[in-house]
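J.: Let me give you the structure first, and then I'll get to my questions.
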Amino acid sequence: MLKTLVVDDEYLVRAGICQTIDWSERGVEIVGQADNGEDGLELALLHRPDVIITDVRMPYMNGLELIAKLKEHKLDSGIIVLSGYDEFQYAQTAMQYGASTYLLKPVDIEQLAEAVLKVGREAKDRQSASERLGLLSRELGTIAGRFWHDLLLGELPNENALREKLALLELDPADIFPLVAVVISAAKPEESASLESATALQQQIIHHAEAHTLKTLACLRTSPRQWTAIVSLGEDADSAVSRIRSLGEDLAHAVDEISIGIGTQATRWEELHVSYDAAASAADRASSGHARVLMAGERAEDGYRREIRAALAYIRTHYADNVTVEKVAAEVYVSPTHLMHLFRKELDKTFSECLTEYRIEMAKRMLRDPKYRVYEVGYLVGFGDSKYFSQVFKKMTGMPPSEFAKSQ
1 MLKTLVVDDE YLVRAGICQT IDWSERGVEI VGQADNGEDG LELALLHRPD
51 VIITDVRMPY MNGLELIAKL KEHKLDSGII VLSGYDEFQY AQTAMQYGAS
101 TYLLKPVDIE QLAEAVLKVG REAKDRQSAS ERLGLLSREL GTIAGRFWHD
151 LLLGELPNEN ALREKLALLE LDPADIFPLV AVVISAAKPE ESASLESATA
201 LQQQIIHHAE AHTLKTLACL RTSPRQWTAI VSLGEDADSA VSRIRSLGED
251 LAHAVDEISI GIGTQATRWE ELHVSYDAAA SAADRASSGH ARVLMAGERA
301 EDGYRREIRA ALAYIRTHYA DNVTVEKVAA EVYVSPTHLM HLFRKELDKT
351 FSECLTEYRI EMAKRMLRDP KYRVYEVGYL VGFGDSKYFS QVFKKMTGMP
401 PSEFAKSQ
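Take the sequence shown: its letters are residues 1 to 408, numbered as in the UniProt record's numbering.
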C-alpha cells in the first residue's frame with residue numbers, strides 16, 4: 001500500500017480527496033489529514049508517507065515551507081502540490097523545492113489518482129534504491145576495512161584479487177602513493193576512552209590531513225587502544241616529512257592523552273605493513289605521560305644522550321662521505337666501542353644500521369627525482385660499490401633501485 005498524507009486548509013477539499021475515491025482499491029492508504037503545514041509536518045515525520053498531497057496557501061506554515069522542511073528532515077516522499085493560483089511562479093518554486101508534480105484546483109480526481117500512483121511508485125523506487133545503496137555502502141565499508149587491515153598485517157592478496165578490490169574501492173595506486181601509516185595510541189589502557197569515538201577521531205584526522213595537503217584513505221582500529229590512519233602524501237612527497245610531522249603534532253594537540261607514531265613511506269602495497277610496524281613501534285616509544293609525536297626510527301630529541309644527538313647530526317650531514325664509527329666517535333669525543341654501545345642502548349640499532357637506513361632513505365628520495373641516474377645514486381649516498389648498494393636497497397625496500405625508480 002502507498003501511504004498518503006493530505007494537507008489542505010479547506011475541509012471540503014480534504015474530504016473530496018479522501019472520500020470521492022476508493023483509495024484502497026488502488027493500493028493507497030490515507031494515513032492522515034492536516035489543515036496546516038505545521039500539523040502536516042508532524043504527521044509526515046510520524047507516518048513517513050510515500051506521497052504527500054499539499055496545498056500552497058495555508059495558515060502557520062504554507063506548502064512551500066512544508067516542502068522545504070520535509071527536505072531538511074531528509075524525508076523522501078513524493079509531493080503533489082495543489083493550488084487555486086495558476087501563476088507559474090508557484091509551480092516553479094514548488095518544483096525547485098522538490099515537489100514531484102503540480103496540479104491546479106479544482107482538481108480532477110482521476111488525474112490526482114493517477115498522479116498519486118505515479119509519484120508513489122517513484123518514491124518507492126527511490127527508497128528501494130536508497131536502501132540498496134546503503135547496504136552496498138556498508139558492504140564496501142566492510143570490504144575496505146578488511147582490505148586495509150590485511151595490508152597492514154602484510155597479507156597481500158594475489159594480483160587478480162588485488163586488481164578487483166582496487167577497482168571496487170575506486171583506488172588508483174598512481175594517485176595515492178606514497179602512503180604512510182600513522183598510529184594513534186592511548187598511552188595507558190585506562191586512557192583508551194580517548195579513542196572511543198571513531199567518528200570524531202576520523203573527522204579530526206581527515207581535517208588535519210587536509211590542512212597539510214594530505215589525504216586520509218582509511219582509519220581503522222588495529223587494537224583495543226590503537227587506531228591507524230593510512231595517509232596519502234600527495235604529489236609533493238619531498239615535503240612529506242614536515243607535513244606528516246605537522247599532522248601528528250596537530251592531532252596530539254587536538255586529542256588528549258594519546259601518543260602518535262609515524263611510519264616510513266610506502267611506495268608499494270608490499271611496503272605498507274613495514275610502515276605500520278614502524279609507526280606502531282614509534283607510538284610505543286612515545287611518552288605515556290602526555291601526547292607526543294615520534295617518527296619511525298626516532299626518539300624524542302630530549303630523550304637522546306648528547307653523544308647520540310651529535311652522532312645522528314653528523315650522519316645526516318656526512319652520509320655521502322666515507323663515514324665510520326671511529327670517525328664519528330672522534331667527533332663526539334667518545335670511544336668507538338662506547339658509541340656502538342650507546343646506539344644499541346638508545347636506538348636499539350647498530351651504528352651501521354642507522355647509517356644504512358638514512359642512506360637508503362636519501363637514495364629513495366633521489367630515485368623519485370628523474371634528474372638522478374640510477375647508477376649514480378648509490379655513490380651519491382655513500383655506497384662505494386653499486387652492486388652492494390643494489391643488494392642493500394632491495395633487501396630494505398623489496399625491489400632493486402631501477403625498479404623503484406620506474407615505479408615512481
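Glycine included, C-beta positions come from ideal geometry on N, C-alpha and C.
What's the C-alpha gap between residue 222 and residue 149?
T.: Taking the sequence shown and counting its residues from 1, the one referred to as residue 222 is at position 222. Taking the sequence shown and counting its residues from 1, the one referred to as residue 149 is at position 149. If you take the alpha carbons of residue 222 and residue 149, they lie about 8 Å apart.
J.: Name the DSSP beta bridge partners of residue 33, please?
T.: For the purposes of this step, residue 33 is identified with residue 33 of the sequence shown, where counting begins at 1. 6.
J.: From residue 129 to residue 404, what does the alpha carbon distance come to, in whole angstroms?
T.: On the sequence shown, residue 129 is found 129 positions in, with the first residue counted as 1. On the sequence shown, residue 404 is found 404 positions in, with the first residue counted as 1. Cα-Cα distance, rounded: 45 Å.
J.: What's the C-alpha gap between residue 191 and residue 184?
T.: Numbered from 1 along the sequence shown, position 191 holds the residue referred to as residue 191. Numbered from 1 along the sequence shown, position 184 holds the residue referred to as residue 184. Any reading at residue 191 needs caution, since the residue's pLDDT is 46, under 50, leaving its predicted position unreliable; the model's value is listed next. Approximately 12 Å, taken between the alpha carbons.
J.: Going by DSSP, what residue range makes up the beta strand (DSSP E) through residue 102?
T.: Walking along the sequence shown from the start, residue 102 turns up at place 102. Residues 101-104.
J.: Am I right that residue 358 and residue 315 are in contact with their C-beta atoms under 8 Å? What's the rounded C-beta distance?
T.: As a working mapping, residue 358 is identified with position 358 in the sequence shown. As a working mapping, residue 315 is identified with position 315 in the sequence shown. Sure, about 6 Å apart at Cβ, within 8 Å.
J.: Please determine if the region 96-110 and the region 59-71 are in contact, where contact requires at least 3 C-beta pairs separated by less than 8 Å.
T.: Yes: at least three Cβ pairs fall under 8 Å.
J.: Just mark residue 49 as buried or exposed, buried being the case when its beta carbon has 16 or more other beta carbons within 10 Å.
T.: Counting from one through the sequence shown, the residue named residue 49 turns up at place 49. Under this definition residue 49 is a buried residue.
J.: Going by CA-CA distance only, name the one from 336, 306 and 279 that's closest to residue 438.
T.: No answer is possible for residue 438: the residues shown for the chain start at 1 and end at 408.
J.: Could you give the first and the last residue of the continuous beta strand (DSSP E) run that contains residue 21?
T.: The residue given as residue 21 occupies position 21 in the sequence shown. Element bounds for residue 21: n/a, residue is neither H nor E.
J.: On the DSSP bridge assignment, give the partners of residue 226 in chain order.
T.: For the purposes of this step, residue 226 is taken as the residue at position 226 of the sequence shown. 185 and 223, per the DSSP bridge assignment.
J.: To the nearest angstrom, how far is the alpha carbon of residue 109 from that of residue 31?
T.: Looking up residue 109 in the sequence shown gives position 109. Looking up residue 31 in the sequence shown gives position 31. The straight-line gap from Cα to Cα measures roughly 18 Å.
J.: Between which two residues does the beta strand (DSSP E) containing residue 54 stretch?
T.: Residue numbering aside, residue 54 sits at position 54 when the sequence shown is read from its first letter. Start and end: 51-55.
J.: I need the DSSP call for residue 98, collapsed to helix, strand or coil.
T.: Counting from 1 along the sequence shown, the entry for residue 98 is found at position 98. Residue 98 falls in the coil class under three-state DSSP.
J.: Using 8 Å as the Cβ pair cut-off and three pairs as the minimum, do the region 218-232 and the region 171-186 touch?
T.: The answer is yes - the region 171-186 touches the region 218-232, with three or more Cβ pairs under 8 Å.
J.: From the DSSP output, in three-state form, read off residue 320 for me.
T.: Along the sequence shown, one-based indexing puts residue 320 at 320. It is coil, neither helix nor strand.
J.: Quick one: Cα of residue 46 to Cα of residue 167, how far?
T.: The sequence position of residue 46 within the sequence shown is 46, counting from 1. The sequence position of residue 167 within the sequence shown is 167, counting from 1. Rounded to whole angstroms, residue 46 to residue 167 spans 41 Å at the Cα level.
J.: Thinking just about the alpha-carbon of each residue, which of 22, 319, 60 and 270 is nearest to the one in residue 157?
T.: The residue you call residue 157 lines up with position 157 of the sequence shown. When each option's Cα is compared against that of residue 157, the closest is 270.
J.: For residue 329, which residues in the same chain have their Cβ closer than 7 Å to its Cβ, ignoring the five residues on either side in sequence?
T.: Numbered from its first residue, the sequence shown carries residue 329 at position 329. Same-chain partners within the cutoff: 335, 336 and 339.
J.: From residue 75 to residue 264, what does the alpha carbon distance come to, in whole angstroms?
T.: In the sequence shown, the residue the question calls residue 75 occupies position 75. In the sequence shown, the residue the question calls residue 264 occupies position 264. Cα-Cα distance, rounded: 47 Å.
J.: Hey, does residue 377 have any beta-carbon neighbour from chain B nearer than 8 Å?
T.: The structure shown contains no chain B; it holds only a single protein chain.
J.: Determine the DSSP secondary structure at residue 45, reduced to helix, strand or coil.
T.: On the sequence shown, residue 45 is found 45 positions in, with the first residue counted as 1. Note: residue 45 maps to helix in three-state DSSP.
J.: Assuming residue 53 contacts residue 101 (C-beta within less than 8 Å), just tell me the rounded distance between them.
T.: What you label residue 53 is simply residue 53 of the sequence shown in a count that begins at 1. What you label residue 101 is simply residue 101 of the sequence shown in a count that begins at 1. Actually they are not in contact, since the Cβ atoms of residue 53 and residue 101 sit about 10 Å apart, beyond 8 Å.
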